[in-house]
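Below is one structure; the comments refer to it alone.
Protein chains: 4
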Amino acid sequence: MPIQFDVDPTVAQLAASTADFVREVVIPAERECGGSVHDAPEALRETLQKAAREAGVFAPHVPTRWGGHGLDLRGQAAVFEAAGYSLLGPLALNCAAPDEGNMHLLEKVATGEQQQRYLRPLAAGESRSCFAMTEPAPGAGADPRSLRTTATRVPGGWRIDGRKWFITGAQGADFAIVMARTSGGPGDPGGATMFLVDAETPGMHLVRTIDTLDESLFAGHSEIVFEECVVGEEQVLGAVDRGFEGAQVRLGPARMTHCMRWLGAARRAQDVALERAGSRMAFGSALGDLGMVQQMLADSEIDIEASRALILRTAWELDAASSAASQLTSVSKTFVAEAVNRVVDRAVQICGALGVSAEDAPLARLFREVRPFRIYDGPSETHRFAIARRALRPYRQPSPEWPRRRRAGWR
Amino acid sequence: MPIQFDVDPTVAQLAASTADFVREVVIPAERECGGSVHDAPEALRETLQKAAREAGVFAPHVPTRWGGHGLDLRGQAAVFEAAGYSLLGPLALNCAAPDEGNMHLLEKVATGEQQQRYLRPLAAGESRSCFAMTEPAPGAGADPRSLRTTATRVPGGWRIDGRKWFITGAQGADFAIVMARTSGGPGDPGGATMFLVDAETPGMHLVRTIDTLDESLFAGHSEIVFEECVVGEEQVLGAVDRGFEGAQVRLGPARMTHCMRWLGAARRAQDVALERAGSRMAFGSALGDLGMVQQMLADSEIDIEASRALILRTAWELDAASSAASQLTSVSKTFVAEAVNRVVDRAVQICGALGVSAEDAPLARLFREVRPFRIYDGPSETHRFAIARRALRPYRQPSPEWPRRRRAGWR
Amino acid sequence: MPIQFDVDPTVAQLAASTADFVREVVIPAERECGGSVHDAPEALRETLQKAAREAGVFAPHVPTRWGGHGLDLRGQAAVFEAAGYSLLGPLALNCAAPDEGNMHLLEKVATGEQQQRYLRPLAAGESRSCFAMTEPAPGAGADPRSLRTTATRVPGGWRIDGRKWFITGAQGADFAIVMARTSGGPGDPGGATMFLVDAETPGMHLVRTIDTLDESLFAGHSEIVFEECVVGEEQVLGAVDRGFEGAQVRLGPARMTHCMRWLGAARRAQDVALERAGSRMAFGSALGDLGMVQQMLADSEIDIEASRALILRTAWELDAASSAASQLTSVSKTFVAEAVNRVVDRAVQICGALGVSAEDAPLARLFREVRPFRIYDGPSETHRFAIARRALRPYRQPSPEWPRRRRAGWR
Amino acid sequence: MPIQFDVDPTVAQLAASTADFVREVVIPAERECGGSVHDAPEALRETLQKAAREAGVFAPHVPTRWGGHGLDLRGQAAVFEAAGYSLLGPLALNCAAPDEGNMHLLEKVATGEQQQRYLRPLAAGESRSCFAMTEPAPGAGADPRSLRTTATRVPGGWRIDGRKWFITGAQGADFAIVMARTSGGPGDPGGATMFLVDAETPGMHLVRTIDTLDESLFAGHSEIVFEECVVGEEQVLGAVDRGFEGAQVRLGPARMTHCMRWLGAARRAQDVALERAGSRMAFGSALGDLGMVQQMLADSEIDIEASRALILRTAWELDAASSAASQLTSVSKTFVAEAVNRVVDRAVQICGALGVSAEDAPLARLFREVRPFRIYDGPSETHRFAIARRALRPYRQPSPEWPRRRRAGWR
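Protein chains in written order, with UniProt numbering: chain A, 1 to 411; chain B, 1 to 411; chain C, 1 to 411; chain D, 1 to 411.
What follows is the structure, encoded as structure tokens:
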């Protein structure tokens, strides 16, 4: 069975249906929230998800036993890109961050009882969730080991204390998955545990919703305080003190699904730029006949194709649970995040005044959306550090067998 | 059958054997030609090719009926990268430019008789060839339509007149494939014909071998003059006036095999840099512990992985003869040529003085080699022009059905 | 008198006072408009300008006979950078776009009577103005020759008809300087005339204020429609049919003052990043001890110094009315606009979550502000076209005396 | 006295004469050494220097009391750029590395007797010198503190032992200035001393001349071994154990004069590209009418102007011995080295095949020459590290007075 890139006919059909659905239903709905998903009303979410169910494109990534299409990551690559063509698309298909990643995490790590209580309604779009990990300085940011939120044992359970911020979707979420330190102190590489915390639990307070550059994630990013927030023993998700490992289960695929969705956004920006370049006249010819515009358009096509090829390769490694998956996830996340920013930036430039107006074209909004993607889910610098460290491993001294270790790098 | 990246076991085995052969036989032989393949003696070529035959890695791309391994382009991707790890590797395997591309062209376009006479010995390493297309200004360069060499009918054949330069491998070649204008004039898009011209044909003169930045192609690049060079009718390769179409048969795959070989060279440079970064101490730590060095190493890993993913995707499209193949070939050639340059440039920087010494490490030589790759086989600008033009096609006015034409871009 | 970079003591004093004023008065006022100057209340403008007058830093660029400090462009370089350190700074000093450029234009082109009526109150901060040139597609954008707004002679004056957009400061402005075509048609290089149009003139309608990516220019950018808008003969600014030349008087210096102000904004972003890098701990050390962060900080210092050096050089050429001024203005505008974007982008990256929060640091806002600067006042591509064309002029064929024409390029 | 950029008439005259001299005398002589200065015969040096003396352009930087024009660094900026227009120009004017920097060092640090013996003939072009600092790994490279060559006291003087490489101009030099450790050990920040070592001194052996990427420095780069090389006490240059401070005296200005000369080389490359773009036809128009070519040409003009502005600013700071000089020297060296590389790379691309031929245009040679400039005299990474560290200094914790420390950065 040689290398091949044809997607399964079922997947191809779902991707095509998704593209139709986004064009016919989702894009027209963008105006209803002024393009900003942060402040979109709950009713819009419900309307769109209902329409997605009717169109047969709901929950592409959810295992069939929970009512979804059960796509693997390679299949998701095709469908999520189509969904991401509108910033509202992933919400409509119930495959937006952070719920999509949380579903994956619950599928892999939760007990059967936890899955019934939390995963089932989440997969069905009947509830929403958040993942509470990031903390303001000097807490856990790019370096998760700085974790300062604590969970201490109390009779029958745990008491959580600490502060989180940039918690996507927290406002109105039905439950939070909270990372807290159960042993060790800030700087220690382990000792974290994940907890399932229901929205009504006393001691969990939403302090504010942050006014951020990006606006496309439903309910925005919030700051949450935990003060003597007590949860029962059954709310531990995964093993005590093994929370970082659990987060990794979530983060690898979650980084790739981010890439897939954002690639759709980049494709949207490029299509707007192409349309403009094909029709706007300047200096006696169409914009698209000017060499500098052609260069920008070509560079964006290159960025999009390279992103797609990397996403597919990485999805395959993750589906195969190969040992190369971690490195390729870092490589792809870094490349795609930067490529997507370049594509949108070029589209803004090609469209000129139209590119900076938030009313007349989607570009100004897309420009704001994609910038934080180079920071969220690990800043590019953190990934580059990890990539270099892994690449250097066989060359560290002393390494008697060095010359034989490295090969031409082909798998 | 879903998307997958596993190479066939036979191919994987051949790639591994090639990597071993390059490391054990070819790299040690580099010193014999001072690293410069341009001036390598014919005896070196023969010795290396003999060793490759014995190692069972000779002619990976040649159809089995001509004695090769018969790999498709996806298979070649793995093996050619391994071969390219040394600048002498492709020569050893008889898969270097321009012979490799000429074999492909002859396989596709030549008559049975022409194949027996020209392809059989070429595939076996018993002869060498060149492809004479490029002309000095104002002739055919990036724009082939500027072709000025003419072939005019004479009794029993054709008379060729004109000047070619940068003809790789011409010195000592047994025959040349010559592109000449048989109708129309400079600037016309068609009217070219390919001719097979034997080395001893009167009227074909090698004027000089050019001192170029790169030095890794056997016999270098030469300037050739055709003065009343008469060939018989049976020397026409393909159809009269359809030479440009014939060249396309050659150029698409030839661009990708270039990419594959150069990716191996980039991997070599990166491995040298990694070895240096893992062992050289500066400012109190290993070079590889310094963030700026890590950034360079990580960027090179990213460039290499993105190049490889694009090459595979494009090889698959070419193997499938898909309509997307032309666009992806342009995308890949442009990206890989520039990525390979970046990788080698970073390796030079990481290695410092060692990086600019042609004696103490292979980097100074690799640095010279890869630069022209952004010009040869179509400068990046020509490819970008073609990429933009193809991307713009559905958006050109008037285009009544425009809004439906474009989709999320998923194949 | 050799080359020297010391600023005049008077200028140095004014720059220092401005820096103090911005830090002590303007930055604390930023919160009052949520950082967005677009929607800032008129009262804030008045309060800040009053404070600037009291601090002796008001109107640095205005000729002394109109009550300002009378700085030349080299002097403005120092003071405007200090003012631009806050997005509100230029407004406070009455040196923000578009009023600042309009003052310069009126000073150079207006009649004495027009100066009394329009320039005097504008220089004093008692009125506001706008410059109505840009039109929506297919009108005048990057290519001014596409101008479609017309002014046709009527008894006693002119009737203006057309549509303008991205007219900065139009909302609430006391008058507009309007570019309209008085001869020829779209595509013709000349035939434009400037008109002074009072706010209350019938037929000039503000259609909407556009929701743009940037928000730092007082009163934002608006769309205006002219329908049978009649003005008297005395409202012609400069000569009939020579409007483009008049605009050039405004645009050269206006591009540089833009650069100066934005360089201050870049400095602000870099200072925020430096503060963060000096204090935030990650991976066991201060951010500023990590090589990749150092690289970003260093690249921003380089961008800032190169920008400043180019601004000074160009300001000197403009002050000297030298023939090199046009080329250097294009060079500087292009470089500085892109450098400022890079500096702010790096600061966002270094500050992570803080960098994308519009409440917790000024970076998210700065990031939005600087992007359009690569489009406004001529997109980078238009300037690059002009730069290349000027550079190529001596090499155009036929050019018998070519070899002597070019020198080492030293002035 | 406001900021101004006009060069002194005397300097302007010398710069113009130098440009004429280079065009009329030096460029025609390039063919005599095949363009490679490394292997140029001593006779060529003598001929060119004689011609320079006759043209009145010899030794622009040398103090008048030693027979030169006595230009300060600002003056040198104009003249050295004109000289650098040919790779042979600086040799002709006796202002090439390393002699030029050594003259400066001797002028500042040597005793009167040492000056008579070493500086006088060097300034007159009657002798040549080298500066022996860099060592192969694990010795002094980017990090000078790794210095391993030792000088130990012996009766009446010092015994030097160690190995140096990349010692420019060593072959045939009359004397070397050698950096050796007189106290402490590898890694210590001080403890180095400079020695004047005559060519014939026993124990100093030239091992080999390295085959490097660059070839434009007379006599190339050599590897030297010191074995029990004994020199007298009077051969100490400057103070014992203060050698690094002495090297700084040399390095700051030497980095800038490098920049000046290389800027001339970049200008040469750009002029070749402009000539080509103005005359070569492709795709139906002159190359220079194609947008992508215009973009490259414009970017190179921008790089050249920004480089020149930074050089002038830094030269002024150095002439004024200001405290900002170190930072600006690092900024300028980093920027100019990379800008010059970009300019030459673009020229190669624009010229296509011509750009990679070492015979048909100077670009292939220039391409090789400029690459090492990003490594020599401190790799870009080392300078970036220094730039960031200086910029961060006011922000390091604890820093009670922080908020007042930084200003808008205006001098």
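Every residue gets a Cβ at the ideal spot worked out from N, C-alpha and C, and that includes glycine.
What residues of chain A sit near glutamine 294 of chain D, judged by a beta carbon separation below 9 Å? Taking the beta carbon of glutamine 294 of chain D as reference, the chain A residues within 9 Å of it are Gly291, Met292, listed in sequence order.
Pick from B/Asp299, B/Arg346, B/Arg53 that is closest to arginine 330 of chain A, judged by C-alpha positions: In the sequence as displayed, the identity of residue 330 of chain A is serine instead of arginine. Selected option, being the one with the closest Cα: B/Asp299.
Taking only beta-carbon positions, decide if aspartate 143 of chain C is within less than 7 Å of chain A. yes
Does arginine 181 of chain A come out as helix, strand or coil in the three-state DSSP assignment? strand
Does any CB atom of chain D fall closer than 7 Å to the CB of alanine 282 of chain B? yes
Might you give, ordered along the chain, the residues of its own chain that have their beta carbon closer than 7 Å to the beta carbon of leucine 206 of chain A, omitting 5 neighbours on each side? Only Ala170, Gln171, Ser222, Ile224 meet the Cβ criterion.
For serine 216 of chain D, which residues of its own chain have a beta-carbon under 6 Å away from its beta-carbon, when the five flanking residues on both sides are left out? The residues are Val37, Leu87, Glu369.
Alpha carbons only, please: which of C/Arg276, C/Ala286, C/Leu263 is nearest the one belonging to serine 332 of chain C? Closest by alpha carbon: C/Leu263.
Within-7 Å CB hit, glutamate 369 of chain C to chain D: no
Along the chain, where does the beta strand (DSSP E) containing threonine 150 of chain C start, and where does it finish? 150–154
Compare the C-alpha of alanine 132 of chain B against each of B/Ala192, B/Lys50, B/Ser183 and name the closest. B/Ala192
Which of the three DSSP states, helix, strand or coil, is assigned to glycine 209 of chain D? Checking the displayed sequence, the identity of residue 209 of chain D turns out to be threonine instead of glycine. It is a strand residue.
Okay, do the region 183–192 of chain B and the region 264–278 of chain B touch, 3+ Cβ pairs below 8 Å being the bar? A contact between stretches requires three or more CB pairs, one per stretch, nearer than 8 Å, and the region 183–192 of chain B fails this requirement with the region 264–278 of chain B.
For chain D, check one thing: does any of its Cβ atoms lie closer than 7 Å to the Cβ of residue 417 of chain B? Absent from the structure is residue 417 of chain B, since the part of chain B shown begins at 1 and ends at 411.
Is there at least one Cβ from chain A nearer than 7 Å to valine 62 of chain B's Cβ? No, because no Cβ of chain A sits closer than 7 Å to the Cβ of valine 62 of chain B.
Would you please verify whether the beta carbon of tryptophan 316 of chain A is less than 7 Å from any beta carbon of chain B? yes
Could you list the residues in the region 147–159 of chain C with a C-beta less than 9 Å from some C-beta on chain D, going in chain order? none
Between proline 372 of chain A and arginine 261 of chain A, how many whole angstroms is the CB-CB distance? I'm expecting something under 8 Å. Not quite, the Cβ-Cβ distance comes to about 13 Å (not below 8 Å), so this is no contact.
Compare the beta carbon distance of methionine 204 of chain C and phenylalanine 218 of chain C with 7 Å and say whether it is the shorter of the two. Contact: no.
Based on the DSSP secondary-structure assignment, which residues constitute the bridge partners of tryptophan 158 of chain C? C/Arg153, C/Val231.
Report yes or no: is there a C-beta of chain A within less than 7 Å of the C-beta of glycine 352 of chain B? no
Residues of the UniProt domain "Acyl-CoA oxidase/dehydrogenase middle" (130–229) of chain A in Cβ contact with chain C at a cutoff of 9 Å, in chain order, please. Using a CB distance below 9 Å, the part of the UniProt domain "Acyl-CoA oxidase/dehydrogenase middle" (130–229) of chain A facing chain C consists of Thr134, Pro136, Ala137, Pro138, Gly141, Ala142, Asp143, Arg145, Ser146, Trp165, Phe166, Gly187, Arg208, Ile210, Asp211, Thr212, Leu213, Asp214, His221, ordered along the chain.
Closer than 7 Å at the beta carbon, the chain A residues around glycine 278 of chain B: Leu392, Tyr395, Arg396, Gln397
Taking Cβ-Cβ distances shorter than 9 Å, what residues in chain C pair up with glutamate 113 of chain A? Chain C residues near glutamate 113 of chain A: none, gap ~34 Å exceeds 9 Å.
Proximal residues of chain B, C-beta to C-beta of aspartate 345 of chain A below 9 Å: In chain order: nothing, as chain B lies at least about 17 Å away.
Cβ of alanine 12 of chain A within 7 Å of any chain C Cβ: Not one beta carbon of chain C lies nearer than 7 Å to the beta carbon of alanine 12 of chain A.
Skipping 5 residues on each side, what residues in its chain have a beta carbon closer than 7 Å to that of glycine 67 of chain C? Ala59, Ala123, Ala124
Would the region 385–392 of chain A count as touching the region 301–312 of chain B if we require 3 or more Cβ pairs under 8 Å? yes
Compute the Euclidean distance between the alpha carbons of aspartate 319 of chain A and methionine 256 of chain A, then round it to the nearest angstrom. Going by the C-alpha atoms only, they are around 12 Å apart.
Any idea which residues DSSP pairs aspartate 214 of chain D with across the strands? DSSP output for aspartate 214 of chain D lists no bridge partner at all.
Skipping 5 residues on each side, what residues in its chain have a beta carbon closer than 6 Å to that of glutamate 81 of chain A? If we look at glutamate 81 of chain A and ignore the five residues flanking it on each side, its Cβ neighbours are Met260, Leu263, Gly264.
Lysine 164 of chain A to arginine 346 of chain A, Cα distance in whole Å? 35 Å
Can you tell me whether arginine 208 of chain C is buried or exposed? The criterion is at least 16 other CB atoms within 10 Å of its CB, across all chains shown. exposed
May I have the straight-line CA-CA distance separating glycine 157 of chain B from glutamine 235 of chain B, to the nearest angstrom? 8 Å
Any chain A beta carbon closer than 7 Å to valine 336 of chain B: no
Measure the beta-carbon distance from alanine 247 of chain A to aspartate 377 of chain A and round it to whole angstroms, keeping in mind my assumption that it falls under 8 Å. 11 Å between Cβ atoms; not a contact.
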